[in-house]
Amino acid sequence: MPVTPAQASTIYRQILDVIASVEPRIAAATAQELADQRASLKLIASENYASLPTLLTMGTWLSDKYAEGTIGHRFYAGCRNIDTVEAVAAEHAEALFGADHAYVQPHSGIDANLVAYWAILSQRVESPTLKRLEAKTVNDLSEADWEALRHEFNQQRVMGMSLDAGGHLTHGFRHNISGKMFQQKAYGTSADSGLVDYDALRATAKEFRPLIIVAGYSAYPRRINFAKMREIADEVGATLFVDMAHFAGLVAGKVFTGDENPVPFAHIVASTTHKSLRGPRGGFVLTSHEYADAVDHGCPMVLGGPLGHVMAAKAVAFAEARQPEFVTYAHQVAANAQALATGLTSRGLKLITGGTDNHLALIDVTDLGLTGRQAESALLDAGIVTNRNSIPRDPNGAWYTSGIRIGTPALTTRGFTESDFDEVADLIATVLKATSPTGTAKGASKAKYEIVDGVAAGVKARAAELLNANPLYPGLDLN
Ligand code: DSN
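Residue numbers for the sequence shown follow the working numbering, so the first one is 81 and each next one is one higher.
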């Protein structure tokens, strides 16, 4: 173990003392967050617990250095250590995913996606205006030239999975910049199976002729065949961009192999580092050599200066993910998701697509007479942290929703196995079956609910047994 419990306790007590000497409320909130995370069943599919070495790596003076540019080519003097940090992080990412090139500067998944979009636009857009103006420099462009350029770049088309089928805001949703930058057409899932319908997707792509096809999801409980996606992209001349933020850990841990591994099939892959991959908060982009140079212009084209301390923590997390233990972890994440899904369906709950074969599941709570908002709140009352989520063709819209998204990466890090997840399924089913909407004079509210007396407390007590048996950061004692 790289940090012993005794070392961790000493280090963090001292850190909290230092923080408290300047602003005690921040020290208190930091300590309380650990207590809260320890005391709740964290089932948010996009969250995890980073290792202590990863967390400790973020708290250093690497944060204090500006380093716009790329390795060996910075806009500031004195960047040799940031160069080392970025090179080591990229080297680990390339080896971990078998990619030609890794760009580890993005601060988040959204930033990584924007870098990918920019790289594709800059490589692929045929701009008659730019051609016509070839001889001129940027400073020579008239307002009319700029307007023509804006028009040409904005006419580009993107196809991504619709939000209610499980896609992400950044895949062209109208309330995200991606939906303003591009003309967008979403692909959904089959009304019968709930699965991506590749034939329908192909037909839409042939008609719409997108520049970019985005594959990836935040709330789709199944695997994607990236070989098929690439075939479709090639047929219509589109660039295949895969957002693997949610399932990067399953790729790194070799759960998704062959046609389910996006790296050999996508032109560009973007990801976060902190979800199933279990690193610090951040993003990265993987590319073939073809897009490497364009992606390296992410800063300053799209991003602010790289965060040296976070890139360092990414390097540590990537190094951890290259260990055989991570392969075991990733397979356990998937096995636990299966156990959770089976546990829920065997207790009468309805899951979108009937189950899962990745790290997440989506409970449809409409048959229980609840909205996602009511179900989310009731579960939280019982110490179970989830998030409400739209389901395909959701009758309650994106705010109240009709679904609950759950995932296994975080609790698997704590050591939960299949039998623990069967018990978690029982706790969820117990709470949801004991919850009902409370009526108002004008009808049932979409937010208010009541739980049969004693159920939340009983579930909390049973959850505490599971949590105590699988401690978070075992032996780390702040007192
Ligand atoms: N917020 C992430 C999630 O929960 O899936 C996506 O950005």
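Beta carbons: idealized from backbone N, C-alpha and C, even for Gly.
ask   = Going straight from the alpha carbon of ASN193 to that of PRO554, what length do you get?
value = For the purposes of this step, residue 193 is taken as residue 113 along the sequence shown, with counting starting at 1. For the purposes of this step, residue 554 is taken as residue 474 along the sequence shown, with counting starting at 1. Taking the straight line from one Cα to the other gives about 36 Å.
inquiry  = If distances are taken between C-alpha atoms only, which option among TRP226, VAL335, ALA455 comes closest to ARG212?
reply    = Locating residue 212 in the sequence shown gives position 132, where the first residue counts as 1. Looking at the Cα atoms, TRP226 is the closest of the given residues.
query = Under 6 Å from any heavy atom of the ligand PLP, does the C-beta of SER143 make it?
reply = Absence of the ligand PLP from the depicted structure is noted, with the ligand DSN being the only ligands included.
inquiry  = Using C-beta distances below 8 Å, list every residue in its chain close to LYS528, excluding the 5 sequence neighbours before and after it, in chain order.
reply    = On the sequence shown, residue 528 is found 448 positions in, with the first residue counted as 1. If we look at LYS528 and ignore the five residues flanking it on each side, its Cβ neighbours are GLN454, PRO517, THR518, THR520.
inquiry  = With the cut-off set at 7 Å, would you say GLY259 and ALA245 are in Cβ contact?
reply    = Within the sequence shown, numbered from 1, the residue matching residue 259 stands at position 179. Within the sequence shown, numbered from 1, the residue matching residue 245 stands at position 165. The answer is no: Cβ separation not under 7 Å.
task = Run through the region 520–546 for me and flag every whole beta strand (DSSP E) of 3 or more residues, listed as ranges in chain order.
result = 523–531
task = Work out the CA separation of ALA299 and ARG485 for me, nearest whole Å.
result = Position 405 of the sequence shown, counting from 1, holds the residue named residue 485. Position 219 of the sequence shown, counting from 1, holds the residue named residue 299. Roughly 7 Å separates the two Cα atoms.
message = the ligand DSN and SER351: does any heavy atom of the ligand fall closer than 6 Å to the residue's C-beta?
response = Within the sequence shown, the letter at position 271 stands for residue 351. Using a cutoff of 6 Å, the CB of SER351 does not count as near the ligand DSN, since none of the ligand's heavy atoms is closer than that.
request  = Name the one or two DSSP bridge partners that ARG485 has.
outcome  = Taking the first residue of the sequence shown as position 1, residue 485 is located at position 405. Note: ARG485 sits in a beta bridge opposite LEU442, ASN467.
key: Within 7 Å, strictly: CB atoms of TRP198 and MET381   = As a working note, residue 198 is residue 118 in the sequence shown. As a working note, residue 381 is residue 301 in the sequence shown. Closer than 7 Å, so yes.
task = Please check the pair HIS332 and PHE177, which I expect to be a contact at CB under 8 Å, by giving their CB distance rounded to whole angstroms.
result = Taking the sequence shown and counting its residues from 1, the one referred to as residue 332 is at position 252. Taking the sequence shown and counting its residues from 1, the one referred to as residue 177 is at position 97. It is Ala, not His, that sits at residue 332 in the sequence shown. Rounded, the Cβ-Cβ distance is 7 Å, consistent with contact.
task = Quickly, what does DSSP pair ASP323 with across the bridge? List them, please.
result = Here residue 323 refers to the residue found at position 243 when the sequence shown is read from its first residue. Bridge partners of ASP323: GLY296, ALA350.
ask   = Using the rule of at least 16 other Cβ atoms within 10 Å of the residue's Cβ for burial, across every protein chain shown, is GLU400 buried or exposed?
value = What you label residue 400 is simply residue 320 of the sequence shown in a count that begins at 1. It is buried - the Cβ of GLU400 has at least 16 other Cβ atoms within 10 Å.
ask   = In chain order, which continuous runs of the alpha helix (DSSP H) of length 4 or greater are located wholly inside the region 353–434?
value = 369–376, 378–381, 388–401, 404–426
inquiry  = Our contact map puts ARG402 next to ALA175 with C-beta atoms below 8 Å; I'd like the distance itself, whole angstroms only.
reply    = Locating residue 402 in the sequence shown gives position 322, counting from the first residue. Locating residue 175 in the sequence shown gives position 95, counting from the first residue. Taking 8 Å as the upper bound for CB-CB distance, ARG402 and ALA175 are in contact here, some 7 Å apart.
Same chain, Cβ closer than 8 Å to SER457, five either side skipped, listed in chain order = Along the sequence shown, one-based indexing puts residue 457 at 377. Only ALA527, TYR529 meet the Cβ criterion.
query = Taking C-alpha atoms, which residue in GLY338, ALA283, ILE124 lies nearest to ILE304?
reply = Residue numbering aside, residue 304 sits at position 224 when the sequence shown is read from its first letter. With distances taken between Cα atoms, ILE304 lies closest to GLY338.
task = Could you please give the first and the last residue of the uninterrupted beta strand (DSSP E) stretch that includes GLN264?
result = Taking the first residue of the sequence shown as 1, we reach residue 264 at position 184. That run of the beta strand (DSSP E) goes 263–267.
query = Can you give the Cα-Cα distance for GLN264 and ARG160, rounded to whole angstroms?
reply = Counting from 1 along the sequence shown, the entry for residue 264 is found at position 184. Counting from 1 along the sequence shown, the entry for residue 160 is found at position 80. Taking the straight line from one Cα to the other gives about 42 Å.
message = My output table needs one value for LYS122: the three-state DSSP class, helix, strand or coil.
response = Locating residue 122 in the sequence shown gives position 42, counting from the first residue. Strand, per DSSP.
inquiry  = Under 6 Å: does the beta carbon of SER126 sit that close to some heavy atom of the ligand DSN?
reply    = Counting from one through the sequence shown, the residue named residue 126 turns up at place 46. SER126 Cβ: within cutoff of the ligand DSN.
request  = Return yes when at least one heavy atom of the ligand DSN lies under 6 Å from the C-beta of SER516, else no.
outcome  = Numbered from 1 along the sequence shown, position 436 holds the residue referred to as residue 516. No; taking the cut-off as 6 Å, the Cβ of SER516 has no heavy atom of the ligand DSN nearer than that.
For GLN117 and VAL335, the rounded distance between their alpha carbons = Reading the sequence shown from its first residue, position 255 is the one you call residue 335. Reading the sequence shown from its first residue, position 37 is the one you call residue 117. Approximately 27 Å, taken between the alpha carbons.
key: Residue environment, PRO208, which counts as buried when at least 16 other CB atoms sit within 10 Å   = Taking the first residue of the sequence shown as 1, we reach residue 208 at position 128. Exposed.
Counted within 10 angstroms of its Cβ, other Cβ atoms place GLY449 as buried (16 or more) or exposed = Counted from its first residue, the sequence shown places residue 449 at position 369. GLY449 is exposed by the Cβ-count criterion.
ask   = By Cβ distance, which residues of its chain are closer than 7 Å to VAL184, with the 5 residues on each side in sequence left out?
value = Taking the first residue of the sequence shown as 1, we reach residue 184 at position 104. Hits under 7 Å: GLU166, ALA169, ALA170, ALA173, PHE364, MET391, LYS394.
task = Please go through the same chain and pick out, in chain order, the residues whose beta-carbon is closer than 8 Å to the beta-carbon of THR110, but skip the five residues on each side of it.
result = Locating residue 110 in the sequence shown gives position 30, where the first residue counts as 1. Correct list, in chain order: LEU96, ILE99.
request  = Could you spell out where the alpha helix (DSSP H) holding ALA462 opens and where it closes?
outcome  = As a position in the sequence shown, residue 462 is number 382, starting the count at 1. Counting along the chain, ALA462 falls outside any alpha helix (DSSP H), and DSSP gives it neither H nor E.
Spatially closest choice to LEU320 from HIS326, LEU291, TYR297, GLU340, by CA coordinates = If you number the sequence shown from 1, residue 320 lands on position 240. Ranking HIS326, LEU291, TYR297, GLU340 by Cα distance to LEU320 puts LEU291 first.
key: Residue span of the alpha helix (DSSP H) that contains ARG310, given as start and end   = Counted from its first residue, the sequence shown places residue 310 at position 230. That run of the alpha helix (DSSP H) goes 306–316.
query = What did DSSP end up calling VAL238 once you bin it into helix, strand or coil?
reply = Residue 238 sits at position 158 when you count from the first residue of the sequence shown. Reduced to three states, the DSSP call for VAL238 is strand.
ask   = Three-state secondary structure (DSSP) at HIS153?
value = As a position in the sequence shown, residue 153 is number 73, starting the count at 1. Three-state result, HIS153: strand.
Contact test: SER298 Cβ vs the ligand DSN heavy atom, cutoff 6 Å = Residue numbering aside, residue 298 sits at position 218 when the sequence shown is read from its first letter. SER298: yes, Cβ under 6 Å from the ligand DSN.
message = My output table needs one value for SER273: the three-state DSSP class, helix, strand or coil.
response = Counted from its first residue, the sequence shown places residue 273 at position 193. If DSSP states are grouped into helix, strand and coil, SER273 belongs with coil.
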